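Enquirer: Chains as they are written, first to last, in our numbering: chain A, 1383 to 1939; chain B, 1383 to 1939.
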């Protein structure tokens, strides 16, 4: 049986364009004499349209698109994901579904049974669960169809939620010849291997081969790696599609032999995930050019490398924004990165506007030290200059903050927090070093001394991040344990052998910076918990405060 | 039977403080010889803690708080809302529950059956539904307990979601002597009357008296009006607690007589809702003082009035930020409002920093007209100056944008979009006029000519909002129909007798401004759909675009 897996990169809501891609892929598969072509979960609107699903015309248009696709299915079977209106008006009106089409006819729908409603998922907001699982006859084979989450909780691998039903139980009895899973399973570090383990656990349980067709591409901050796979009934990997790229697998299920894919975990995997996310945000919005501030520090240097890889060197403009506190080395390092990447630069001093602002605020300070207020003004002058360039040229501004800074609120709102997209805002500072190190070794784009110097914001003389923050090697594991793993302060203190009051102070600062993060650009998600997606905490909440947060607020904003 | 309704205003996560309030209220009720005291849904942690519920120590502390409350319940019964660990580990681990306590003993829990997962609600993210409804014996009466949503869908009044179960069906059979509903039912315009209709429909169905105890207070952008009520079995209103204030009702259920509450709908209701929301945001965060830019326009004038009412005139600082484009009338009007409100003002010109920024960007413009880029720079200089004052003095900056501007992206990111809280960001411009008119007539705080002049951003000579936007009387109904009522462009065009391409253009602009709104401060919600809570749409989505949004983006940011 010849099967095609079409690992598509849809654009959310672009029903017309996505449908044309689907029809094009069907035509290719027909040429190749495939019996069946499989598309990802929600391929027609893209995953996830969120509240667009609540607009009646949006669902109407998806129905029209399905009807158009059906007219292109003579002599082939198609499985394609979409939201559909449920006949059952009780509970939610929609199902997250797979349309099963053969020879110009809609055979029916397999709805999703398990609707994830945790972390980045809100499916209970829109959908009702499948009433039942069925077996479908295609090309002489008895096929079971599942959708993403359906195979996760009972795999024993990584289920986040317990459900009262088990969609695989039906298939255990029915013994299908093939299990298909269409997914929109987002990427996070380590997820590619975990997802393959889940598929293997399925195969082990059902003793049949399995195909997992996953969405690829960046959708705002949520990144989908693709990496669609095929396993034999013995649990051997027979096929694996590319990660972080649209792909198309064509194979004969009964004649495939095991493969060993080349994998690059760690730094390169994260780098390519971010490249895809940045690329897709630009392309899907219709932008080509980016601008960013180059400070000569490691964060903006890494973002420049990602931007060049994603958009091309001719589409990236680096802006140097020196002040009285900018060292010669910083300027040299910024220019070296730009030169290594062959990107254009411009230099705009912040001195005069900065001084003019201080002068106008003279009565406010009344002879007092300007302190952190003046530091914030510098950052905001930089933000204003970068946004002026962005507005004038139509270049999108890239934000260069990292997750450690976002966690601690170590950023100036409307200053270095500016930007359309936070490229490395889900990377802890230690991860920024790891990836920059890999980039340096692989490409030479980043000069070694950028990795060697101490982190500084250069907002006053001889300033170091470590004046305000603990060393990143101490800070980052606390952020990871608290934000991502959701551990208690007590457990973190024990695990990391740190004093409890110190850990509590860090966690309190993470909570206190919530109001700031709400006004920061969304981050490209590569961890199990990014700040801008999958984490929902109130701004005003006192679960950790014995004293009002006012004092800290003034110090950091 | 003497009953106390304690309409509390909890702070999210302040388990210790909320518990002390609860214990204090129990002591008062005991003194008054009450048989039963009732607290709102989730009274112990406050509604809604969101992902704090996922931290184990958070639930541990709530269990401890419950145990402490129980020790204060000799000779009284208590019904109090809290999240609790479910014995049933399938599905979610928590229930949204009412603890039923009597004479120092926990009788048990009544869990919530219907878990709203739409609009501003995410309860399926955290909770599993109640397995059953029970009858509780308290003070010789057979009592049914429900939680918020449990009574809504089957009332025939305003259910947003259809559920497969009906928790009132059990009570229809069991015929309790009294139905209690503990709620955290958020305010929106008209909601107070709707909620009372829902309660009356319940009474009509069950033929028993009913008590609804609702949370009050502002929780970030979500406002709870309180307005707890008691209905007789004939559907007569017997008691009504205050709206927008903590309150405490003590009454003998069998001896109450019908009342007719004084209600002030429309402008005053909205005004007091916003006053409460602003007040609570400050008090719960531990801040007392606010700063805002006073332009002499209607938006900042109204925000100043709300701020004075919420925080006191001594806690509000108005800042005038004139430029070469600021008219004498604007300055006079700004000073008149400040004088009427007796708030301090300071004046800081934006001219020198604005000119310094333009000078530094000279090479960028290369003799071209500065256009909208220069307008944005002015707005950002104002933002930077206001934030410097905020940082220096520890005053929170109030944002003064309205919903019409937010909808259209008619705001400069990092400029007039700055602020900790958007006070009137859920009011359409026409509503701003209504409320300002009421304030003017009631208090004289706003000079009439502020209401009479044409809206202008004063970012260039003779600029008017209507140069860029349609008249607000035309624009606002489109925004309402699209964003709040979620109608299609076709339906809106028909309903408002407008050309479809014009309506589509407006809706397209609303979609295109989504990335901006994500970086704006949260808004105090008074409509059925505020941008910052209850509405979830992707940034990158092409459901309405035939052309890339790039062109529009440049024009407005």
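Ideal Cβ placement from N, Cα and C applies to all residues, glycine included. Given the structure is predicted, the values throughout are model-derived calculations rather than measurements.
1) Please report whether the beta-carbon of residue 1923 (chain B) lies at a distance below 8 Å from any beta-carbon of chain A.
2) Using a Cβ cut-off of 8 Å (strictly closer), state whether residue 1522 (chain A) contacts chain B.
3) Please report the straight-line C-alpha distance between residue 1758 (chain B) and residue 1760 (chain A), rounded to a whole angstrom.
4) Fully enclosed by the region 1641-1678 of chain A, which beta strand (DSSP E) runs are 3 residues long or longer?
5) When burial is assigned at 16 or more other CB atoms within 10 Å of the CB, is residue 1449 (chain A) buried or exposed?
6) Are residue 1543 (chain A) and residue 1549 (chain A) touching if we call contact CB-CB under 8 Å?
7) For residue 1616 (chain B), which option in B:1660, B:1546, B:1583, B:1732 has the closest C-alpha, if you only look at C-alpha atoms?
8) Residue 1800 (chain B) versus chain A: which residues are under 9 Å apart at the beta carbon?
9) Show which residues of chain B have a CB atom less than 8 Å away from the CB atom of residue 1870 (chain A).
10) Just to make sure I have the definition right: I need the residues of chain B whose C-beta is within less than 7 Å of the C-beta of residue 1897 (chain A). Which are they?
11) In whole angstroms, what is the alpha-carbon distance linking residue 1721 (chain B) and residue 1660 (chain B)?
12) If you draw a straight line from the alpha carbon of residue 1901 (chain B) to that of residue 1424 (chain B), how long is it in whole angstroms?
13) Given residue 1654 (chain B), which residues of its chain have a CB within under 6 Å of its CB, disregarding the five upstream and five downstream residues?
14) Compile a chain-ordered list of the residues in the region 1826-1840 of chain B whose CB is closer than 7 Å to at least one CB of chain A.
15) If you scan the region 1547-1631 of chain A from start to end, which runs of the alpha helix (DSSP H) of 4 or more residues do you find wholly inside it?
16) So what's residue 1478 (chain A) in DSSP terms, helix, strand or just coil?
17) In chain B, what lies closer than 8 Å to residue 1754 (chain A) by C-beta?
18) Can a CB atom of chain B be found closer than 8 Å to the CB of residue 1473 (chain A)?
19) If I'm right that residue 1802 (chain A) touches residue 1779 (chain A) with Cβ under 8 Å, what's the distance once you round it to whole angstroms?
20) Applying a beta-carbon distance threshold of less than 9 Å, which residues of chain A neighbour residue 1548 (chain B)?
21) Measure from the C-beta of residue 1663 (chain B) to each C-beta in chain A and report whether the shortest distance is under 8 Å.
22) Please list the segments of the alpha helix (DSSP H) lying wholly inside the region 1696-1737 of chain A, counting only runs of 4 or more residues, in order along the chain.
23) In three-state terms, what does DSSP make of residue 1921 (chain B)?
24) CB-CB under 6 Å to residue 1511 (chain B), same chain, minus the five flanking residues each way: which ones, in chain order?
25) Cα-Cα, which of B:1469, B:1869, B:1831, B:1416 is closest to residue 1456 (chain B)?
26) Please state whether DSSP places residue 1413 (chain A) in a helix, a strand or coil.
27) Less than 8 Å between CB atoms is the rule here; does residue 1769 (chain B) satisfy it with respect to chain A?
28) Could you tell me whether the Cβ atoms of residue 1815 (chain B) and residue 1788 (chain B) are closer together than 8 Å?
29) Could you have a look at residue 1926 (chain A) and say whether DSSP puts it in helix, strand or coil?
30) Per DSSP, which one or two residues make a beta bridge with residue 1528 (chain B)?
31) So residue 1855 (chain B) packs on residue 1812 (chain B), CB below 8 Å; how close in whole Å?
32) Please determine, among B:1453, B:1612, B:1561, the residue with the shortest C-alpha to C-alpha distance to residue 1641 (chain B).
33) Name the residues in the region 1734-1747 of chain B whose C-beta lies less than 8 Å from a C-beta of chain A; which are they?
34) Our contact map puts residue 1420 (chain A) next to residue 1401 (chain A) with C-beta atoms below 8 Å; I'd like the distance itself, whole angstroms only.
35) Which of the three DSSP states, helix, strand or coil, is assigned to residue 1908 (chain B)?
36) Of all the CB atoms in chain A, is at least one closer than 8 Å to the CB of residue 1904 (chain B)?
Expert: Based on what the coordinates show:
1) yes
2) no
3) 18 Å
4) 1672-1675
5) Label assigned to residue 1449 (chain A): exposed.
6) no
7) Shortest Cα-Cα distance from residue 1616 (chain B) to any of B:1660, B:1546, B:1583, B:1732 involves B:1583.
8) 1795, 1796, 1901
9) 1437, 1438, 1439
10) 1802
11) 22 Å
12) 30 Å
13) 1626
14) none
15) 1549-1556, 1573-1588
16) strand
17) 1773
18) Low confidence applies to residue 1473 (chain A): its pLDDT is 49, below 50, so where it sits in the model is not reliable enough to give any reading.
19) 6 Å
20) Correct list: empty, because the minimum Cβ distance to chain A is about 11 Å.
21) yes
22) 1710-1723
23) coil
24) 1495, 1497
25) Closest by alpha carbon: B:1416.
26) In this structure, residue 1413 (chain A) counts as helix in the three-state DSSP scheme.
27) yes
28) Taking 8 Å as the Cβ cut-off, residue 1815 (chain B) and residue 1788 (chain B) do not qualify as a contacting pair.
29) coil
30) B:1563
31) That belief holds up - the Cβ atoms of residue 1855 (chain B) and residue 1812 (chain B) are roughly 6 Å apart, short of 8 Å.
32) B:1612
33) 1734, 1735, 1737, 1738, 1739, 1741, 1742, 1743, 1745, 1746, 1747
34) Not confirmed; about 16 Å, so no contact.
35) coil
36) yes
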